[in-house]
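There are 2 protein chains.
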Amino acid sequence: MSSENPTTRERILKAAWQLLEADPGGGVRMSDIAKAAGISRQAVYLHFPARADLLVAATRYIDEVTEADVRLAPSRAAKTGRERLPAYIEAWSNHIPEIHGVAKALIAMQETDEAARVAWADRLAAIRHGFEAAVRALKLDGDLTLDYSETEAVDLLLTLISVETWESLTVQCGWTQERFIASMQALAAQTLIVPGKE
Amino acid sequence: MSSENPTTRERILKAAWQLLEADPGGGVRMSDIAKAAGISRQAVYLHFPARADLLVAATRYIDEVTEADVRLAPSRAAKTGRERLPAYIEAWSNHIPEIHGVAKALIAMQETDEAARVAWADRLAAIRHGFEAAVRALKLDGDLTLDYSETEAVDLLLTLISVETWESLTVQCGWTQERFIASMQALAAQTLIVPGKE
DNA sequence: TGTAAAGTTGACATCGTGTCAATTGGTTGG
DNA sequence: CCAACCAATTGACACGATGTCAACTTTACA
Numbered sequence: 046m047s048s049e050n051p052t053t054r055e056r057i058l059k060a061a062w063q064l065l066e067a068d069p070g071g072g073v074r075m076s077d078i079a080k081a082a083g084i085s086r087q088a089v090y091l092h093f094p095a096r097a098d099l100l101v102a103a104t105r106y107i108d109e110v111t112e113a114d115v116r117l118a119p120s121r122a123a124k125t126g127r128e129r130l131p132a133y134i135e136a137w138s139n140h141i142p143e144i145h146g147v148a149k150a151l152i153a154m155q156e157t158d159e160a161a162r163v164a165w166a167d168r169l170a171a172i173r174h175g176f177e178a179a180v181r182a183l184k185l186d187g188d189l190t191l192d193y194s195e196t197e198a199v200d201l202l203l204t205l206i207s208v209e210t211w212e213s214l215t216v217q218c219g220w221t222q223e224r225f226i227a228s229m230q231a232l233a234a235q236t237l238i239v240p241g242k243e
Numbered sequence: 046m047s048s049e050n051p052t053t054r055e056r057i058l059k060a061a062w063q064l065l066e067a068d069p070g071g072g073v074r075m076s077d078i079a080k081a082a083g084i085s086r087q088a089v090y091l092h093f094p095a096r097a098d099l100l101v102a103a104t105r106y107i108d109e110v111t112e113a114d115v116r117l118a119p120s121r122a123a124k125t126g127r128e129r130l131p132a133y134i135e136a137w138s139n140h141i142p143e144i145h146g147v148a149k150a151l152i153a154m155q156e157t158d159e160a161a162r163v164a165w166a167d168r169l170a171a172i173r174h175g176f177e178a179a180v181r182a183l184k185l186d187g188d189l190t191l192d193y194s195e196t197e198a199v200d201l202l203l204t205l206i207s208v209e210t211w212e213s214l215t216v217q218c219g220w221t222q223e224r225f226i227a228s229m230q231a232l233a234a235q236t237l238i239v240p241g242k243e
């Protein structure tokens, strides 16, 4: 569909990414993005019908650029649930800072914009699948605690290892990324994995 | 400063509370609140300089009406950290659904409104104090795990048992309030309390 | 009776999103 | 070469929400 040097569309997406990364949340306006992309405000609407669509496209763009699918792969390689869970937690946790700015803007838009709500729900569903696979593996190994059903275990993981939690602990509280990952891995293991041997 | 039957100011606060409870987030406008309070939109500004101030006042109003301070007291009565932590988690967790709507609106405003940011930070600081006291008690008893510093333990509690987490698990995932509380208590205990006897 | 407080109405400024119409400049193809 | 097309520009405007202002009314109360 395209292959100029940097397409205008790509310049817009990149500009949106950079601006939102620098100032996550609602502070970034369409005119800011346009200016950063070197075009007029109205021209942005030639490529994206609305702000929500731009944000959604930006998350997809980031996924491509950062090869999110490749990064999530290692966890799929793990055979046991005990290996798979921490692997997926690490992979997803390392993706969070990349999408943080855009995700936050999308989350903020959810309240008022239906399209944004659906888009973010879609992304959450994708992450959920990863956790589901890990939990299912645990279950098959007989390593899933009896304290939580499979669904509840996934609910908990999706909630605990989230953009919101990540922002609170790293951005607000100043934890390092490594501390965050280690803490979440330990939390998940202690809570969901049956004490068992080895 | 006043004692009519229901003061107009109170009617506004109550209306804001009810509307935000029914539809948490950004969907509630000043005109909606005015209508629900039975006055004109402009009259609201006779009582609150701006939307942010109204929301802040609403949280204080809810605190009073629900006697939040009294409800948080039981945890202060507990002598040991092992008792105090779950008591405080329960008390705070049971306060969350009451402030949920208003809190969400305030959180949403944070991004753009400085006053809202400060106001919400203040409330978080108050909750943090509760967790700090519990963690300090654990530490004194020698029951705090070595895996986390006191500060980190508090960071974690404040992040895990938050309005955001509560909304995700109960509103989004459908957990009951009891399940939420029990799960958070178990999570906190397993993560922060040294295995110890009894 | 007269004044002050509280509220009403209508108009208006501001800001951000989104739309539209008219115009320009460059590229490609018949 | 000229026409058609495409991306983009400029300027204007509608809309919805917040917040402001001025002028008028109502009620209380002293």
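Heads up: the sequence lines are chains A and B, in that order.
In this note's numbering, each residue's number is its place in the first sequence (first place is 1) plus 45.
In this note's numbering, each residue's number is its place in the second sequence (first place is 1) plus 45.
Virtual Cβ for every residue (Gly too), placed ideally from N, Cα, C.
For residue i, the nearest candidate out of the options (CA to CA)
{"i": "D167(B)", "options": "P240(B), V101(B) and T111(B)", "result": "V101(B)"}
{"i": "A67(A)", "options": "A231(A), F225(A) and V216(A)", "result": "V216(A)"}
{"i": "T236(A)", "options": "A122(A), P131(A) and A148(A)", "result": "P131(A)"}
{"i": "T125(B)", "options": "E212(B), L185(B) and E143(B)", "result": "L185(B)"}
{"i": "L91(A)", "options": "I107(A), E55(A), R173(A) and H145(A)", "result": "E55(A)"}
{"i": "V89(A)", "options": "G70(A), A122(A), T53(A) and T104(A)", "result": "T53(A)"}
{"i": "V208(B)", "options": "E135(B), K149(B) and L183(B)", "result": "K149(B)"}
{"i": "A60(A)", "options": "V239(A), D188(A) and A82(A)", "result": "A82(A)"}
{"i": "L183(B)", "options": "P94(B), E159(B) and V239(B)", "result": "V239(B)"}
{"i": "I57(B)", "options": "E195(B), R74(B) and D192(B)", "result": "R74(B)"}
{"i": "S120(A)", "options": "A231(A), R105(A), A136(A) and E109(A)", "result": "A136(A)"}
{"i": "I141(B)", "options": "F225(B), A97(B), A95(B) and Y193(B)", "result": "F225(B)"}
{"i": "R116(B)", "options": "S138(B), E195(B), W220(B) and T221(B)", "result": "S138(B)"}
{"i": "I206(A)", "options": "L191(A), G187(A), G219(A) and L169(A)", "result": "L169(A)"}
{"i": "I144(A)", "options": "I134(A), Y193(A), D200(A) and E212(A)", "result": "E212(A)"}
{"i": "E128(B)", "options": "L202(B), E195(B) and V180(B)", "result": "V180(B)"}
{"i": "W165(A)", "options": "A234(A), R105(A) and P69(A)", "result": "R105(A)"}
{"i": "L202(A)", "options": "A231(A), V163(A), T111(A) and K80(A)", "result": "A231(A)"}
{"i": "Y193(B)", "options": "D192(A), A161(A), M229(A) and T196(A)", "result": "M229(A)"}
{"i": "L214(A)", "options": "A95(B), W220(B) and D200(B)", "result": "D200(B)"}
{"i": "A95(B)", "options": "T196(B), T111(B), Q222(B) and S76(B)", "result": "S76(B)"}
Residue-chain proximity (residue i, chain A), Cβ-Cβ < 8 Å
{"i": "D200(B)", "result": "yes"}
{"i": "M46(B)", "result": "Any reading at M46(B) must be qualified, since the residue scores a pLDDT of 39, below 50, and its modelled position is unreliable; the value itself is stated next. False, the Cβ-Cβ gap to chain A never drops below 8 Å."}
{"i": "S213(B)", "result": "yes"}
{"i": "E209(B)", "result": "yes"}
{"i": "Q235(B)", "result": "yes"}
{"i": "Q230(B)", "result": "no"}
{"i": "E66(B)", "result": "no"}
{"i": "W244(B)", "result": "With chain B running from 46 to 243 in the structure shown, residue 244(B) is simply not present."}
{"i": "E49(B)", "result": "Because the pLDDT at E49(B) is just 46, under 50, the model does not fix this residue reliably, and the value given afterwards should be weighed accordingly. False, the Cβ-Cβ gap to chain A never drops below 8 Å."}
Whole-number beta carbon distance between residue j and residue i, since they are thought to touch under 8 Å
{"i": "L64(A)", "j": "I84(A)", "result": "Wrong, their Cβ atoms sit about 14 Å apart, outside the cutoff."}
{"i": "T31(A)", "j": "T210(B)", "result": "A question about residue 31(A) goes unanswered here, because the residues of chain A that appear run from 46 up to 243."}
{"i": "I107(B)", "j": "V147(B)", "result": "7 Å"}
{"i": "L189(B)", "j": "A198(B)", "result": "7 Å"}
{"i": "A103(B)", "j": "W62(B)", "result": "6 Å"}
{"i": "E159(A)", "j": "G71(B)", "result": "With a Cβ gap of about 13 Å, E159(A) and G71(B) do not count as contacting."}
{"i": "M154(A)", "j": "A113(A)", "result": "That belief does not hold up - the Cβ atoms of M154(A) and A113(A) are roughly 21 Å apart, past 8 Å."}
Minimum Cβ-Cβ distance from residue i to chain B less than 8 Å
{"i": "Q63(A)", "result": "no"}
{"i": "G70(A)", "result": "yes"}
{"i": "L205(A)", "result": "yes"}
{"i": "E156(A)", "result": "yes"}
{"i": "E223(A)", "result": "no"}
Residue i: CB within 7 Å of a non-hydrogen atom of the ligand FMN
{"i": "S194(A)", "result": "Absence of the ligand FMN from the depicted structure is noted, as is the absence of any ligand whatsoever, leaving it without description."}
* When Cβ atoms are compared, which residues of the region 137-152 of chain B fall closer than 7 Å to chain A? -> none
* To do: Write down every uninterrupted run of the alpha helix (DSSP H) in the region 181-215 of chain B whose length is 4 residues or greater and which is fully enclosed by it, in chain order.
  => 195-205 and 208-211
* To do: Any chance you could list the beta strand (DSSP E) runs of at least 3 consecutive residues sitting entirely within the region 112-185 of chain B, in chain order?
  => none
* Starting from the N-terminal side, write out each stretch of the beta strand (DSSP E) that is 3 residues or longer and does not extend beyond the region 77-115 of chain B. => none
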